[in-house]
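In what follows, a single structure is set out as structure tokens and then discussed.
Numbering (the working numbering), first residue to last: 1037 to 1511.
Right, here's the structure in full:
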């Protein structure tokens, strides 16, 4: 595929550290912990750490898949491009469309808490007002949209500031939580929380996996920014790996701290466990600091979601699998400005309508509840793609077999298993909306296939040379 200068993003902007920051921000660690811990506890009780561990292991397999696939080609479409070459162009297109749909829906889901948490920090009485939450959420979305359009350098700087404060607060809270747990444990720590038997059977594990697997989603934004990153075939993949490791550790620390510090009834009934935990470990200050961290986390992930969607649309427009206008680059800012404008206006309109129009709200709620179907699809396809792409070198060493073959394969199988479990747990209406959003992508697929897009003639690629420095960013 031609990456000519007419449709070229700004190169060599992000370094190794910035790539890690983007990967961490994409998972929204503070928001994920705050909003999902009660759900995880409701599913598996004290086995939350085990659910995050056993879901994290296959997610590392997907991160290794992205790392190795990224060494074959720097492409802003990431799995969209790699799956096409390794498996089939149609599967690659579906992987790209799945990311666009899921990240777009997550932007809608994230704008609401961005508004409510901001008001909770600065004007608590207004935090329950639908009008004010919508206004503030929309303003944050517009602000992040402007930042993303204005260039990757500004985007990176803003993200670095927000994520540094967020992670700094989380690290401080983690230290305080460990100290508090050592002195005032409500429930003593138990290694049994990590035993598979703590799930009470495969159904219990499935319930936990359905929640825990989506804690990690979003780290792959570093892959979508590979064309704008230094050492573009190497650093983005490493940034993703380190990002997954960092959030894995954060999730473990705070889930264990929650189990040890808070009573079970408090955990299960708290809509924001992180703030409650903060109040417990540092009365009067801890809760406010962690609320600030959640606010920054929700805003930061709006930015990373915009980046993933716009870079994917850019790659698809460049390959003529969507309108070529999406690949137009602003002459000064070097960003896909039209793709950003279209996505921003579309998402903002749906966000406002979903908060005030009942029928739109119901459809959007079903669509958001079904995004796990799209996420597991493109992650699973990426895992299989790595195995197929590197199949000829898997037998050359144990490292190759594990990191290019077995681990990505386990990750792929896990993702498809979670997809099946999701289909069994969701209502028919939700499944219909979720599959319907994917089916919409078949329309442009058919149109541009008929037009003879060269993307659909892709067949195979040569794996990148083996490199010994798997976890180092140096050249």
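For every residue, glycine included, the Cβ atom is placed at its ideal position computed from N, Cα and C.
Beta-carbon proximity list for residue i, same chain, < 7 Å, skipping 5 on both sides
i	result
residue 1374	1361, 1362 and 1364
residue 1044	1365
residue 1254	1062, 1063, 1064, 1337 and 1340
residue 1270	1107
residue 1399	1469
residue 1492	1125 and 1485
residue 1153	1327, 1330, 1331 and 1334
Within 9 Å, strictly: CB atoms of residue i and residue j
i	j	result
residue 1015	residue 1413	The structure shown has nothing for residue 1015, since the chain only spans 1037 to 1511.
residue 1049	residue 1264	yes
residue 1448	residue 1426	no
residue 1105	residue 1422	yes
residue 1075	residue 1290	no
residue 1101	residue 1109	no
residue 1322	residue 1313	yes
residue 1327	residue 1156	yes
residue 1520	residue 1123	Only positions 1037 to 1511 of the chain appear in the structure, and residue 1520 is not among them; the question remains open.
residue 1408	residue 1250	yes
residue 1406	residue 1462	yes
residue 1390	residue 1181	no
residue 1494	residue 1113	no
residue 1206	residue 1286	yes
Cβ neighbour criterion (16 or more within 10 Å) applied to residue i
i	result
residue 1483	exposed
residue 1200	exposed
residue 1335	buried
residue 1003	Residue 1003 is absent from the model: the chain starts at 1037 and stops at 1511.
residue 1216	buried
residue 1353	buried
residue 1147	buried
residue 1303	buried
residue 1195	buried
residue 1197	exposed
residue 1139	buried
residue 1476	exposed
residue 1013	Shown here, the chain extends from 1037 to 1511; a query on residue 1013 therefore has no answer.
residue 1193	exposed
residue 1487	exposed
Residue i in three-state terms, based on DSSP
i	result
residue 1337	helix
residue 1481	helix
residue 1050	strand
residue 1494	coil
residue 1265	strand
residue 1365	coil
residue 1270	coil
residue 1357	coil
residue 1307	coil
residue 1045	coil
residue 1370	coil
residue 1487	coil
residue 1165	coil
residue 1170	helix
residue 1347	helix
residue 1103	helix
residue 1189	helix
residue 1302	helix
residue 1108	coil
residue 1321	coil
residue 1117	helix
Cβ-based neighbour list, residue i, same chain, cut-off 6 Å, excluding 5 preceding and 5 following
i	result
residue 1079	1243, 1244 and 1247
residue 1316	1297
residue 1275	1055, 1056, 1059 and 1258
residue 1308	1070
residue 1094	1446, 1447 and 1450
Other residues of its chain near residue i: CB distance less than 8 Å, five sequence neighbours each side excluded
i	result
residue 1086	1080, 1229, 1230, 1231, 1232, 1234, 1235 and 1244
residue 1510	Its pLDDT being 40, under 50, residue 1510 is placed unreliably by the model, and the measurement read from it follows with that caveat. Excluding residues within five positions, none has a Cβ falling inside 8 Å.
residue 1465	1402
C-beta neighbour in chain D for residue i, strict 9 Å
i	result
residue 1130	Structure shown: chain D not included; a single protein chain is present.
- Item | Start-end ranges of the alpha helix (DSSP H) lying completely within the stretch 1402 to 1485, minimum 4 residues | Runs of the alpha helix (DSSP H) lying entirely within the stretch 1402 to 1485 and spanning at least 4 residues, in chain order: 1407 to 1425, 1443 to 1461 and 1464 to 1476.
- Message: What ranges does the alpha helix (DSSP H) occupy inside the stretch 1123 to 1162, keeping only unbroken runs of at least 4 residues that lie completely in it?
- Response: The stretch 1123 to 1162 contains these whole alpha helix (DSSP H) runs: 1125 to 1158.
- Task: Return the chain-ordered ranges of every alpha helix (DSSP H) run that is complete within the stretch 1220 to 1298 and spans a minimum of 4 residues.
- Result: Annotation note: the stretch 1220 to 1298 contains the following uninterrupted alpha helix (DSSP H) runs of length 4 or greater, listed N- to C-terminal: 1238 to 1248, 1257 to 1260 and 1271 to 1297.
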